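Read the structure below first, then the notes.
Number of protein chains: 2
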Amino acid sequence: MATRGFAGLTLRAVAAELGATTGLLTHYFPTKQALVAYALDLLEERTLSRPRRQSGGGLAALRDAILDILPLTSEARDSNRIWVSSWDNALADPALSADYARKYAEGRDRMLQRVIAAQEAGELPPGEPTDLAAGAQAFALGLVVQALFDPAAFPPGRQTELLDNYLAGLAAGPCPISSPDPHA
Amino acid sequence: MATRGFAGLTLRAVAAELGATTGLLTHYFPTKQALVAYALDLLEERTLSRPRRQSGGGLAALRDAILDILPLTSEARDSNRIWVSSWDNALADPALSADYARKYAEGRDRMLQRVIAAQEAGELPPGEPTDLAAGAQAFALGLVVQALFDPAAFPPGRQTELLDNYLAGLAAGPCPISSPDPHA
DNA sequence: CCATTCGCATAACAGTTGTTACGGCAATGT
DNA sequence: ACATTGCCGTAACAACTGTTATGCGAATGG
């Protein structure tokens, strides 16, 4: 199921996996889209309510948030696999696209709170925190994609190494260099 | 085509877009997978041979490389849209997955060369350049995904702003903090 | 203990998919 | 001018899709 791709996700396949038939599925879901929507909601809820890392406040909390996203375990890999596969379907439907946009905006908000906390703790230099939050989520998402396609090149240790390097750069870095001013 | 998703990419739809029928397609391609493989190869070649930004060496070159990836124009948005949509199909086939892994490894190599050049020019602090390259591509990929789902929140100006902030952090930052040494 | 309702399997349905076979039409070579 | 070749449209094919209709068996309620 997590290995056959979104295109191979057919009602009969799901029913077979459940040891049931299509009758059950059509009895509980009016349409297939409703089923996949429910399944993805369930996946999101499950991963969100999964025991989260909580090794500290400030920068460590930001690190934890990203670690909770990365495919470091086989379970997390499957989740990300399904999620990435669902992007095709989501991009084809404007309503679903808006839903996904909202989800990622919420993700950035979660990052934002931790970025602000880290800044207040002095672990991150000042600077527009929303930019840092968006950048952190971009880093996480991009690393997820690369790790999914090349698990051998991105074992858990490598992923955390890259993350720690990224965070170290953030901590030492971003003096707010305003973009070159055309008129001056 | 770029808007109907990968699942809606049917032989008859492609033929209709071409003003032809399925006979033409089956005459030139033994199977559908061969067609999409050719189409994606063509897309890759076209975007790779597209006029690339070249505003300078070192860090500016790295910036250019990422700008060439981001969906800053409608054309680039369509390319990225198709590319992201193809991930579902690619993840379902191990051989295709390996192909994609190779492609992204090549992308990291392109980043790597520019990272090294920037380091030699003193525009980036020393540190493992392969890590920076992987991080830069992760940042680019993740920003692509977020921008595709929420174009309103990530207009071109916002994307370049985030990129410049990221690069500024890189330039000021990464003093090579080795990860905590267990035995010492 | 019987009537009723509900849950779900069975089966049929129309539509679409990739693929294959066939035939005509135009270009080409002699 | 004629035969031949290859291009490609037409149409058929089997397989499979989501969805709908039907019916049986068990649980439920009086």
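Chains as they are written, first to last, in our numbering: chain A, 68 to 251; chain B, 68 to 251.
Note that the Cβ used here is the ideal one computed from N, Cα and C, for glycine as well.
In this text the structure is predicted, and so the values were computed from the model without any measurement.
Spell out whether any CB of chain A is found under 8 angstroms from the CB atom of G189 (chain B).
-> Within the second sequence, numbered from 1, the residue matching residue 189 (chain B) stands at position 122. False, the Cβ-Cβ gap to chain A never drops below 8 angstroms.
Taking 8 angstroms as the CB-CB limit, is L102 (chain B) close to chain A?
-> Indexing the second sequence from 1 puts residue 102 (chain B) at position 35. Not one chain A Cβ lies under 8 angstroms of L102 (chain B).
Nearest to T70 (chain B) by alpha carbon, out of B:L129, B:H94 and B:E142?
-> Taking the first residue of the second sequence as position 1, residue 70 (chain B) is located at position 3. Here the closest residue by C-alpha is B:E142.
Of the residues A:S116, A:W150, A:N232 and A:A127, which one's Cα is nearest the Cα of P138 (chain A)?
-> Position 71 of the first sequence holds residue 138 (chain A). If we check each option's Cα against that of P138 (chain A), A:W150 comes out closest.
Is the shortest distance between the beta-carbon of G75 (chain A) and the beta-carbons of chain B less than 8 angstroms?
-> Numbered from its first residue, the first sequence carries residue 75 (chain A) at position 8. Closer than 8 angstroms: yes.
Alpha carbon to alpha carbon, how far is L179 (chain B) from A128 (chain B)?
-> Numbered from 1 along the second sequence, position 112 holds the residue referred to as residue 179 (chain B). Numbered from 1 along the second sequence, position 61 holds the residue referred to as residue 128 (chain B). Approximately 11 angstroms between the Cα atoms of the pair.
DSSP on D231 (chain B), reduced to helix/strand/coil?
-> For the purposes of this step, residue 231 (chain B) is taken as residue 164 along the second sequence, with counting starting at 1. DSSP places D231 (chain B) in helix when its eight states are reduced to three.
When we look at the beta-carbon of R175 (chain B) and count the other beta-carbons within 10 Å, is it buried (16 or more) or exposed?
-> The residue labelled residue 175 (chain B) in the question sits at position 108 within the second sequence. By the neighbour-count rule (16 or more Cβ atoms within 10 Å), R175 (chain B) is buried.
Does Q204 (chain B) get closer than 8 angstroms to chain A when you measure Cβ to Cβ?
-> As a working mapping, residue 204 (chain B) is identified with position 137 in the second sequence. By this cut-off, Q204 (chain B) is an interface position.
Touching or not, the region 93-113 of chain B and the region 203-213 of chain B, by the rule of three or more beta carbon pairs under 8 angstroms?
-> no
Applying a beta-carbon distance threshold of less than 8 angstroms, which residues of chain B neighbour L158 (chain A)?
-> Here residue 158 (chain A) corresponds to residue number 91 of the first sequence, with the count starting at 1. Chain B residues near L158 (chain A): G72, R148, V151, S152, L215 and F216.
Just curious, the alpha helix (DSSP H) that S146 (chain A) is in, first and last residue?
-> As a position in the first sequence, residue 146 (chain A) is number 79, starting the count at 1. S141 to A159 is the extent of the alpha helix (DSSP H) around S146 (chain A).
For L92 (chain A), the first and last residue of its enclosing alpha helix (DSSP H) = Taking the first sequence and counting its residues from 1, one reaches residue 92 (chain A) at position 25. From DSSP, the alpha helix (DSSP H) with L92 (chain A) extends over T89 to Y95.
Taking the alpha-carbon positions, what's the P192 (chain B) to I183 (chain B) distance?
-> As a working note, residue 192 (chain B) is residue 125 in the second sequence. As a working note, residue 183 (chain B) is residue 116 in the second sequence. Rounded to the nearest whole angstrom, the C-alpha separation of P192 (chain B) and I183 (chain B) is 10 angstroms.
Checking contacts by CB at 8 angstroms: is L179 (chain B) closer than that to chain A?
-> Position 112 of the second sequence, counting from 1, holds the residue named residue 179 (chain B). It does not; no Cβ of chain A falls within 8 angstroms.
Tell me whether the beta-carbon of F216 (chain B) lies closer than 8 angstroms to the beta-carbon of Y171 (chain A).
-> Within the second sequence, residue 216 (chain B) is the residue found at index 149, counting from 1. Within the first sequence, residue 171 (chain A) is the residue found at index 104, counting from 1. Against a cut-off of 8 angstroms, the Cβ pair of Y171 (chain A) and F216 (chain B) comes out as a contact.
Chain A beta carbons: is any one of them nearer than 8 angstroms to that of G123 (chain B)?
-> In the second sequence, residue 123 (chain B) corresponds to position 56, counting from 1. Chain A contact via Cβ: absent.
Going straight from the alpha carbon of P223 (chain A) to that of A214 (chain A), what length do you get?
-> Taking the first residue of the first sequence as position 1, residue 223 (chain A) is located at position 156. Taking the first residue of the first sequence as position 1, residue 214 (chain A) is located at position 147. Rounded to the nearest angstrom, the two C-alpha atoms are 9 angstroms apart.
May I ask you to verify whether the region 113-123 of chain A touches the region 151-162 of chain A, counting CB pairs closer than 8 angstroms and requiring at least 3?
-> no
Three-state secondary structure (DSSP) at C242 (chain B)?
-> Here residue 242 (chain B) corresponds to residue number 175 of the second sequence, with the count starting at 1. Since pLDDT at C242 (chain B) reaches only 47, below the 50 mark, its modelled position is unreliable, and the value read off the structure follows with that caveat. Collapsing the DSSP output to three states places C242 (chain B) in coil.
When the Cα atoms are used, what is the spatial distance from L92 (chain B) to R79 (chain B)?
-> As a first step, residue 92 (chain B) is located in the second sequence; it is residue number 25 there, counting from the start. As a first step, residue 79 (chain B) is located in the second sequence; it is residue number 12 there, counting from the start. Roughly 9 angstroms separates the two Cα atoms.
Which residue's Cα is closest to the Cα of L254 (chain A): A:S122, A:S146, A:G124 and A:Q121?
-> With chain A represented from 68 up to 251, any question about residue 254 (chain A) goes unanswered, as that position is not in the structure.
Determine the contact status of A57 (chain B) and A239 (chain A), defining contact as a CB-CB distance below 8 angstroms.
-> Missing from the structure shown is residue 57 (chain B); chain B here goes from 68 to 251 and no further.
How about L237 (chain B) and L199 (chain B): do their beta carbons lie closer than 8 angstroms?
-> Counted from its first residue, the second sequence places residue 237 (chain B) at position 170. Counted from its first residue, the second sequence places residue 199 (chain B) at position 132. Taking 8 angstroms as the Cβ cut-off, L237 (chain B) and L199 (chain B) qualify as a contacting pair.
Starting from L208 (chain B), trace the alpha helix (DSSP H) both ways and give me its first and last residue.
-> Taking the first residue of the second sequence as 1, we reach residue 208 (chain B) at position 141. Start and end: P196 to F216.
Should Q121 (chain A) go down as buried or exposed, given a rule of 16 or more other Cβ atoms within 10 Å for buried?
-> The residue you call residue 121 (chain A) lines up with position 54 of the first sequence. Exposed, by the Cβ-count rule.
CB contact below 8 angstroms: R201 (chain B) versus chain A | Stepping through the second sequence from its first residue, residue 201 (chain B) is reached at position 134. Arg is not the amino acid found at residue 201 (chain B); the sequence shown has Ala there. Answer yes: the Cβ-Cβ gap between A201 (chain B) and chain A drops below 8 angstroms somewhere.
Between N232 (chain A) and chain B, is there a C-beta pair that is closer than 8 angstroms?
-> As a working note, residue 232 (chain A) is residue 165 in the first sequence. Output row for N232 (chain A): interface = yes.
Interface residues of chain A facing V141 (chain B) [CB-CB closer than 7 angstroms] = Here residue 141 (chain B) refers to the residue found at position 74 when the second sequence is read from its first residue. A quick correction: the sequence has Ser, not Val, at residue 141 (chain B). Simply none; closest approach about 15 angstroms.
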